[in-house]
Amino acid sequence: MTVQIDSLWPVPADDLDDDALTAGFVRADRGDPWLRVNFVSSVDGAATHDGLSGGLGGEADKRVFDVLRRLCDVVLVGAGTVRSEGYGAMRLDEPAVRWRVAEGLPPHPVFAIVSGGLDLDPASNIFTKAPVRPIIVTTGRSPQPRRDALSAVADVLVCGDDSLDTTAMVAALSDRGLAQVHCEGGPSLFGSLLAADAVDELCLTLSPRLEAGDARRIASGALPEPRGLSLARVLRSAGTLMLGYTRA
Ligand SMILES: NC(=O)c1ccc[n+]([C@@H]2O[C@H](COP(=O)([O-])OP(=O)(O)OC[C@H]3O[C@@H](n4cnc5c(N)ncnc54)[C@H](OP(=O)(O)O)[C@@H]3O)[C@@H](O)[C@H]2O)c1
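Numbered by this note's numbering, the letters in the sequence shown go through residues 5 to 252 in order.
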């Protein structure tokens, strides 16, 4: 049975089915570049439980997570998250594929991984089982031999000489027709995107639990000044809140 999700704001609605849930996240103009980031956090701000995000999210978070993947052109993830969470190929399930094809979209989004050191195995499932050729985003400082090895299994985009140029990255993705970017973290990549003011929307699942300890927060790194946000959406499933924020 699918877990119930209600909308509290801006349009109150009980028990959203998948179509209604999806409608709440659809962007009117797919050609208009949009970078959406999705995280789950405990109420006291922990982004991990035992070093992973999976311990924090429940079924409702998973429903939203799947909808966000279904809607995007490209899923963007930092290499740290890819390694720690054990990502495989970016392959959606059959209902999502059917929905995308009916909407005139390719069956699967592209998987784009951001990495400076390129410590990624070209023989991993991420590449060998990929339904679409993945993208690696890196900088001019990355080791050439690893770049060459990964070029055999992915398109390698060099965005920035010494450090990642996130503006160039978003432009390069958009130039490839990948305007709807969905970033699944992690905190370092989110921090880089925030520093460049590249984030259009934050989807944050607030899990009704306290973790204490010294777990990661959802963003790391430095910002010149705090960023204001506007509340765009409030979904609820039992004690879990799924919040949407855009730029103030
Ligand atoms: N709560 C949640 O929703 C959530 C979501 C995602 C992740 N997490 C958790 O976050 C933790 C991982 O944190 P993290 O900060 O390591 O994740 P991350 O941002 O995914 O990975 C950091 C790595 O990504 C690459 N990277 C990111 N930004 C870069 C930049 N500006 N320039 C060049 N390379 C860049 C680098 O890869 P290289 O090392 O290859 O150079 C860097 O070491 C894990 O415990 C994971 O479970 C939680």
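Glycine included, each C-beta is placed from N, C-alpha and C at the ideal position.
With a threshold of 7 Å (Cβ to nearest heavy atom), would residue i be considered close to ligand 1?
i, result
"L182", "no"
"A27", "no"
"S45", "yes"
"L122", "yes"
"E89", "yes"
"P149", "no"
"T85", "yes"
"L161", "no"
"S128", "no"
"P228", "no"
"R220", "yes"
"V157", "no"
"P191", "yes"
"V41", "no"
"S57", "yes"
"G82", "yes"
"V203", "no"
"L247", "no"
"V174", "no"
"S241", "no"
DSSP state of residue i, grouped into three classes?
i, result
"Q148", "helix"
"G120", "coil"
"E107", "coil"
"E205", "strand"
"A24", "helix"
"G225", "coil"
"R175", "First, the amino acid is wrong: residue 175 is Ala here, not Arg. A175: helix per DSSP, three-state reduction."
"A83", "helix"
"D159", "strand"
"G62", "coil"
"L182", "coil"
"A17", "strand"
"T250", "strand"
"D125", "coil"
"M239", "Note that residue 239 is Leu in the sequence shown here, rather than Met. It is a strand residue."
"I9", "coil"
"L233", "strand"
"S196", "helix"
"S88", "helix"
"F69", "helix"
"F29", "coil"
"V101", "helix"
Measure the CB-CB distance between residue i and residue j and report whether it falls below 8 Å.
i, j, result
"T6", "R102", "no"
"A183", "D18", "no"
"G120", "T143", "yes"
"G195", "S224", "yes"
"T26", "L75", "yes"
"P135", "A158", "no"
"L80", "C163", "no"
"G61", "V41", "no"
"L208", "R231", "no"
"R251", "G28", "no"
Contact check, residue i vs residue j under 8 Å by CB: the rounded distance?
i, j, result
"M173", "V141", "5 Å"
"A83", "L124", "6 Å"
"E205", "W13", "Wrong, their Cβ atoms sit about 16 Å apart, outside the cutoff."
"R213", "A51", "R213 to A51, Cβ: 13 Å. No contact."
"L2", "R150", "Outside the displayed range of the chain (5 to 252) lies residue 2, so it cannot be described from this structure."
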